[in-house]
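Going by our numbering, the letters in the sequence shown line up with residues 28 to 368, in that order.
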Amino acid sequence: MSSALISVRIWPSTSARNSARILSSYPSSFFALISSRIFASSPAIYVSSSSAQILTSSSLMKLRSEFRRVLMDMGSQEMPTNRYVESSFWNFDSLFQPQSHPARDAHDTFFLTQPKYCKTVPEDYYKRVHDMHENGGFDSIGHGRGAFKRETSMTNILRTHTTAISAQMLYKLANQPGGFTPQKYFSIDRVFRDESMDATHLAEFHQVEGVVADYDLSLGDLIGIIKAFFLKIDITQMRFKPAYNPYTEPSMEIFAFHPDLKKWTEIGNSGVFCPEMLRPMGLPENVRVIAWGLSLERPTMITSSATRSTSSRLDRPSFTATRDGYQSSIQTLGAVSAAVR
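Structural data, given as structure tokens:
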């Protein structure tokens, strides 16, 4: 039986919570039937070669493949991103983000109820993160005693960024046999935020993330890598703006000019990971980690607009709002239906 990837999407006019209410009205037998027919041959979600042609009709899948090729050509290794559910420990705490930070509130994050808590985290690492949050270190005063609670750390959420995977990869890199070795990583996958949806915001979107860990890296190295990446996907009008992130210092927002909207649009964030995040992992003091993240949807809007208005070498699909990248034709849906019969 061929496997294919099906996603049921509902675009409410108010907020993402309406989607959850509508989906909850479906009988469980509906989801059981879909799951059994699509994934019977494997416990994980994969796309077989026979069904890959179905996904090539998707605008975002074309761009995702292109971005992936560019990042691999730049020497980066792809991180595993097949787990959408993360603990708050990896998603927030390991990044030195305070447990009282507004981004961790229910109006920004989707919390799970079953199971509500994760089972385990690395206990030695957990203790070092706990101490850093409460007592500080490396010129930080921390977030104060009593500010770090295990119950909060163990709460399960839908990941709000793929930086949760980056943190796990850096922890493994620091503790691998033989010690630290320089490495480049990247990931492209879905993340989830409780957003009010408009032309540039979705509750579910794809994040592209790049991470470089090496000795004595600087902000100049970060800017150079970001520019090199965007030039390869034909985005040339760029700006950088100083920003604040709980886990990077210095930090920069990345802007690109949108020809259709006639304005500068934020397409990503970047920075140098702070010592309060890296040292508890066990990374050497002279190791620096530079990182940048962006949504797949926003650059795609800009590059598709550029394709319409210039003789770009890239044959890109065309859409002006982020949700347009998820639209499926009747022919595509028919092909998916045939693949799962």
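Built from N, CA and C at the ideal position, the CB exists for glycine as well.
TODO: Measure how close the beta-carbons of A240 and V316 come, nearest whole angstrom, since I'm counting them as under 8 Å.
DONE: 5 Å
- [ ] Would you mind sorting L341 into buried or exposed? The rule is 16 or more other CB atoms within 10 Å of its CB.
- [x] Its pLDDT being 44, under 50, L341 is placed unreliably by the model, and nothing is read from it.
TODO: State the beta-bridge partners of N27 as determined by DSSP.
DONE: What is shown of the chain runs 28 to 368, which leaves residue 27 out entirely.
Task: Cβ contact check for the region 287-297 and the region 190-201: 3 or more pairs under 8 Å - done: no
Open item on the list: Assuming D120 is part of the alpha helix (DSSP H), what are its boundary residues?
Closed with: Unbroken run through D120: none, as it is neither H nor E.
Task: Which of helix, strand or coil DSSP assigns to Q203 - done: coil
- [ ] Go ahead and pull the three-state DSSP assignment for I49.
- [x] Model confidence at I49 stands at a pLDDT of 46, short of 50, so the residue's coordinates are unreliable; what they give is reported in the following sentence. Helix.
Task: From M328, C301, T208 and F257, residue whose alpha carbon lies closest to that of D287 - done: M328
TODO: Under the assumption that P302 contacts F119 (Cβ atoms under 8 Å), give the Cβ distance between them as a whole number of angstroms.
DONE: That belief does not hold up - the Cβ atoms of P302 and F119 are roughly 18 Å apart, past 8 Å.
- [ ] Taking 8 Å as the threshold, find out whether the region 90-105 comes into contact with the region 159-176 through three or more Cβ pairs.
- [x] no
Open item on the list: Beta-carbon within less than 7 Å of F284's beta-carbon, same chain only, minus the 5 sequence neighbours each way: which residues are those?
Closed with: Q264 and W291
Open item on the list: In this structure, how does DSSP classify V148 when only helix, strand and coil are distinguished?
Closed with: coil
TODO: May I have the straight-line CA-CA distance separating H160 from S127, to the nearest angstrom?
DONE: 11 Å
- [ ] Mind checking which residues open and close the beta strand (DSSP E) that includes I294?
- [x] K290 to F300
Open item on the list: Pull the bridge partners of A389 from the DSSP assignment, please.
Closed with: Only positions 28 to 368 of the chain appear in the structure, and residue 389 is not among them; the question remains open.
TODO: Kindly give me the distance between the Cβ atoms of A230 and R220, rounded to whole angstroms, as I take these residues to be in contact under 8 Å.
DONE: 6 Å
Open item on the list: Rounding to the nearest angstrom, what Cα-Cα distance links Y271 and Y153 in this structure?
Closed with: 25 Å
Task: Expected contact under 8 Å - CB spacing of S139 and L310 to nearest Å - done: With the sequence shown as reference, residue 139 is identified as Leu, and Ser is not the correct amino acid for it. So it is not a contact: roughly 30 Å between Cβ atoms.
Task: beta strand (DSSP E) segment containing A283, residue limits - done: T275 to H285
Open item on the list: Checking the sheet assignment: what are the DSSP bridge partners for S322?
Closed with: Q234
Task: Close-in-space but distant-in-sequence residues of the same chain around S214 (CB under 7 Å, 5 per side omitted) - done: E105, M106, T108, T189, I192 and E236
- [ ] Using the Cα positions of G320 and Q210, report the straight-line distance between them to the nearest angstrom.
- [x] 17 Å
Task: Cβ-Cβ separation, N183 to Y144 (assumed contact under 8 Å), whole Å - done: 6 Å
Open item on the list: With DSSP as the reference, identify every bridge partner of I93, one or two as the case may be.
Closed with: For clarity, residue 93 is Glu in the given sequence; the question names Ile instead. Paired residues: none, contrary to the question.
Task: Three-way DSSP call (helix, strand, coil) for Q195 in this model - done: helix
Task: Supposed close pair L87, E324 - CB separation, criterion 8 Å - done: 7 Å
Open item on the list: According to DSSP, simplified to helix, strand and coil, what is N162?
Closed with: helix
Task: P269 burial status per 10 Å Cβ neighbour count (16 or more: buried) - done: exposed
TODO: Give the DSSP-derived three-state secondary structure of T182 in the structure shown.
DONE: strand
Open item on the list: Let's see if you can read the secondary structure: which residues bound the alpha helix (DSSP H) around A130?
Closed with: First-last for A130: undefined, no H or E at that position.
TODO: Quick one: grab the DSSP three-state call for F450.
DONE: With the chain covering only 28 through 368, there is no way to say anything about residue 450.
Open item on the list: Is the separation between the beta-carbon of F300 and that of E280 shorter than 9 Å?
Closed with: no
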